[in-house]
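Numbering (UniProt numbering), first residue to last: 1 to 483.
All C-beta atoms in this analysis are idealised placements derived from N, C-alpha and C, irrespective of residue type, glycine included.
Computed from a predicted structure; not experimentally measured.
Let me begin by presenting the structure, written as structure tokens, before commenting on it.
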Amino acid sequence: MSLCCKQLIWAFVILIGSINFGEVVSFPSASSHQIMPLHGLTKTDLKWSFYNAVASLIGIFGPFCTQMILKIVKQSRKKTIFIIAVYASCIWLVNMIVKFSIWAGIVARAMIGLAGGAFSSICPMYVVEIAPPEARGFFGCLPEAGIILGEVLVNFLGTPLGYLGLCGFNSCLALVLAILICFIPESPALLVLERKQQQKALTENDDSDETKVKVSLWQLKYIKCLLTGCGTAIFQQFSGIGPITANLSTIMSESGLHIDSNYQAGIASLGQFLATFMGGGIIDKIGRKRTWILSNIGIITFLIILALNIKYNWSTYIPLVVILIYMVFYAWGVGPIPWFIMPEYFPAEVRAQGTNVASSVSWATQFVWVFVWPIIVKSMGEFGGFLFFACCSVVSVFFGFFCIYEPPPLEVVTDSEKAHLREIEENSTNSCNNERKDGHVKAKLAKKNRIENRTNIDDNLDEEIEENYNSNGEIIIDNPTEL
């Protein structure tokens, strides 16, 4: 596969949506040094905790919004991303209201979480559908890379731009996505759905154009796929990545790296970003199951080392090295696989439904650990907390061994069908242009008719006056006796 292939360029455009998702998640940590003093808050304040977590809570409903938009635009991935991008661009500007009130900021951040949840479901699905068959693992890792890149951008730009400038930057980036998405082709999944509709119409001897393929996700044959996708999303969040990312600045400062906390988090995320691309090649070579298991084994090993260092205080440098290696193992498998394994498992007619359910489970789990982590630390300490996540990863190994399997190949779309899809898009554009032209023509004709009607009315009135009045302006009476 050529790294300059056109599919990769299309994927990078779609990736801007995943970048926006990463910006949604990281915005509070990058802007806390400005927003908290502005409203007199601390990290333990309930208002700040809610501001941090509300995006994850509302993000649960984002994938279902994606499902609604897909129905409205007849499963068009391009139009769906365009609508979400325009919404995100506007809401990032609304988020500036946090300058005046933290409660207003919480509402705005909830609305941003809706955009993040919507992007988290549509972007991985679109990328998997346009990916070359021999490189689906590499392409599947790109959404995770986009999320991490969003975190990197927010952390590096948070200090120089400030939270208001960061809102403006994120808004502009979403607007760029809305523009660029118009120039990439539609997903081949639309052709697959159209083909199945035609096959169903022939089978049922129904020539109606309104025949649609309606397949429910909640069938016995899809249960294993659904449980596997949701399970990987849950184990991803309970691998310890959240607490480690949240405590990254403290760990780096204690190790002697005294630079701005945003830059510290950005450096660590940048390493994770580069490791994600390595993971894409590994997945294509050894498969999803083996990559998942090896990734979890690395996570378990370094979580245990981190926990033991917390208990016995061996060195301040060990946590820094351990966390960087931990992030590499996370980026190889546990990080990216949940985002693209669901679109791979399901056929086109239920792919969007399955992906949306798994994405919502991921957001819900993320919201849960935000509140569970302080309880764990209070009851067991950080030592017990990281051992708890290590135990979750042990269970994840067995889950991967028994539940994760290599996905079937996606439906093949022929060159003639691709040409047909381009023709549909062109006809759609021409149809819109023709409708606008027809509207202008109809408006002109209506105006002309109104003028002609007025002229006819005036002419008839003149004739009536001439018939009923003489030259002196007196009324002409045909039959005086009637008076």
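Taking C-beta separations shorter than 8 Å and ignoring five residues to either side along the sequence, the partners of Trp369 in its chain run Gln237, Phe238, Gly242 and Pro243, following chain order. Counting only residues of its own chain and dropping the five nearest sequence neighbours on each side, Tyr345 has a CB closer than 6 Å to the CB of Cys225 and Pro407.
Going by DSSP, Thr42 is part of no alpha helix (DSSP H) at all; its letter is neither H nor E. DSSP, reduced to helix, strand and coil, places Ala131 outside both helices and strands of the structure shown, so it counts as coil. In the three-state reduction of the DSSP assignment, Leu161 falls in the helix class, which pools H, G and I. With contacts defined by Cβ atoms closer than 9 Å, Gly22 and Glu129 do not form a contacting pair. Measuring C-alpha to C-alpha distances from Ser295 to each of Gly335, Asn313, Leu306 and Ile122 identifies Gly335 as the nearest. Shown here, Ile282 sits in a helix according to DSSP, grouped into three states. Membership of Trp92 in the alpha helix (DSSP H) is indicated by the continuous run Arg77 to Val94. By the beta-carbon neighbour count (other beta carbons within 10 angstroms, threshold 16), Leu306 is buried. Sorting Phe139, Cys182 and Val73 by C-alpha distance to the C-alpha of Met278 places Phe139 at the top.
Across the structure, Glu382 and Ala115 are spaced so that their CA atoms are roughly 33 Å apart.
Leu274 and Phe371 have their C-alpha atoms some 30 Å from each other. For Val361, the enclosing alpha helix (DSSP H) has its first and last residue at Ala348 to Cys403. By the 16-neighbour rule on beta-carbons within 10 angstroms, Gly400 is buried. With contacts defined as CB atoms closer than 9 Å, Gly298 and Trp332 qualify as a contacting pair. Going by beta carbons, Thr228 and Cys403 fall inside the 9 Å limit. A buried status is given to Trp292, since no fewer than 16 other beta-carbon atoms sit within 10 Å of its beta-carbon.
For Tyr222, the three-state secondary structure derived from DSSP is helix.
Residue state for Val321 is assigned as helix, using DSSP reduced to three classes. Contact between Ile81 and Ile122 holds, since their C-beta atoms are separated by about 6 Å, short of 8 Å.
Short of 7 Å from the beta carbon of Gly266, and not among the five residues preceding or following it, lie these beta carbons of its own chain, in chain order: Val152, Asn155 and Phe156. Leaving aside the five residues that flank Gly280 on each side, the residues in its chain whose CB is nearer than 6 Å to its CB run, in chain order, Gly137, Phe138 and Cys141. By the criterion of a C-beta distance shorter than 8 Å, Val322 is surrounded in its chain by Phe302, Ile305, Leu306 and Asn309, once the five residues flanking it on both sides are discounted. In the three-state scheme derived from DSSP, where H, G and I count as helix and E and B as strand, Lys311 is classed as helix. Counting along the chain, Ile72 sits inside the alpha helix (DSSP H) bounded by residues Gly62 to Ile72. Per DSSP, the unbroken alpha helix (DSSP H) holding Ile341 starts and ends at Ile337 to Tyr345. DSSP, read as helix, strand or coil, puts Phe238 in coil. By the 16-neighbour rule on beta-carbons within 10 angstroms, Phe27 is buried. Phe100 carries a coil assignment under DSSP once its states are collapsed to helix, strand and coil.
Our two residues, Lys43 and Val86, have alpha carbons roughly 32 Å apart in a direct line.
The C-alpha of Gly287 lies about 18 Å from the C-alpha of Pro124. If you draw a straight line from the Cα of Ile69 to the Cα of Gly59, it comes to about 16 Å. Burial state of Thr316 is exposed, judged by a 10 Å Cβ sphere holding fewer than 16 other Cβ atoms. The DSSP-derived three-state label of Gly287 is coil.
Taking every protein chain shown into account, the CB of Tyr326 has 16 or more other CB atoms within 10 angstroms, so this residue is buried.
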